[in-house]
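Protein sequences, first through last, are from chains A and B.
End of the first sequence sits at 78 in the numbering used here; the numbers just go up one at a time, nothing left out.
End of the second sequence sits at 178 in the numbering used here; the numbers just go up one at a time, nothing left out.
2 protein chains.
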Amino acid sequence: MKIARFYHAGCPVCVDAERQLASSLDPSRFRVEVVHLGREKGRLADAERAGVRSVPALVIEDRVYHINFGAALSDLKS
Amino acid sequence: MKIARFYHAGCPVCVDAERQLASSLDPSRFRVEVVHLGREKGRLADAERAGVRSVPALVIEDRVYHINFGAALSDLKS
Numbered sequence: 001m002k003i004a005r006f007y008h009a010g011c012p013v014c015v016d017a018e019r020q021l022a023s024s025l026d027p028s029r030f031r032v033e034v035v036h037l038g039r040e041k042g043r044l045a046d047a048e049r050a051g052v053r054s055v056p057a058l059v060i061e062d063r064v065y066h067i068n069f070g071a072a073l074s075d076l077k078s
Numbered sequence: 101m102k103i104a105r106f107y108h109a110g111c112p113v114c115v116d117a118e119r120q121l122a123s124s125l126d127p128s129r130f131r132v133e134v135v136h137l138g139r140e141k142g143r144l145a146d147a148e149r150a151g152v153r154s155v156p157a158l159v160i161e162d163r164v165y166h167i168n169f170g171a172a173l174s175d176l177k178s
């Protein structure tokens, strides 16, 4: 089972991507962990290390998929 | 069964997104159609109408998810 981390910030673009894309992954192969970076500031460093530059983003194994554009990671730090 | 259309142009960013993301959708809910816009120029108008501005992109129902950035749709028209 692979872990897919979906990073978001609660923005409309994020909510849509979670509903339509992150929740569409094959549950027999992926466990999707949803991380709200607006609320879990302690995860920002992890996201940055994984290569996330904006949200929403999906990290599968060591690959980052930026999906459309909701907010820059740098804007979530303040 | 929903149709998910994965538009790409054979670029490395596209190939990676197809391998890791498009192929990870739940096969019990989605039939994934892969469209190579570099080879199937006749599909460019469809992609544009669906709201695709760059590839790789995944269209699920009427929503477009631009995934990272490989090439602009306008560059594929030439």
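Using N, Cα and C, we set each Cβ at its ideal position, and we do this for glycine too.
Notebook entry, point to check: Which stretch, first to last residue, makes up the beta strand (DSSP E) that contains Ser124(B)?
Noted result: Annotation for Ser124(B): no beta strand (DSSP E) segment contains it, and DSSP assigns it neither H nor E.
Next item on the list: Determine, using beta-carbon pairs with one atom in the region 155-169 of chain B and one in the region 101-109 of chain B, whether at least three such pairs fall under 8 angstroms.
Entry: The region 155-169 of chain B and the region 101-109 of chain B touch, with no fewer than 3 CB-CB distances between them shorter than 8 angstroms.
Notebook entry, point to check: Considering Ser54(A), what are the terminal residues of the beta strand (DSSP E) in which it resides?
Noted result: Note, Ser54(A): beta strand (DSSP E), Ser54 to Ile60.
Checklist line | Residue closest to Tyr165(B), alpha-carbon to alpha-carbon, out of Ala9(A), Gln20(A), His8(A) and Lys77(A) | finding: Scanning Ala9(A), Gln20(A), His8(A) and Lys77(A) for the CA closest to the CA of Tyr165(B) turns up Gln20(A).
Notebook entry, point to check: Excluding the five sequence neighbours on either side, which residues of its own chain have a C-beta within less than 8 angstroms of the C-beta of Glu118(B), listed in chain order?
Noted result: So the list reads Phe106, His108, Val134 and Pro156, once near-sequence residues are dropped.
Next item on the list: With DSSP as the reference, label Lys145(A) as helix, strand or coil.
Entry: Outside the displayed range of chain A (1 to 78) lies residue 145(A), so it cannot be described from this structure.
Check: In three-state DSSP terms, what is Ala109(B)?
Finding: Reduced to three states, the DSSP call for Ala109(B) is coil.
Check: Taking Cβ positions only, does Ile67(A) come closer than 8 angstroms to chain B?
Finding: Interface residue, yes.
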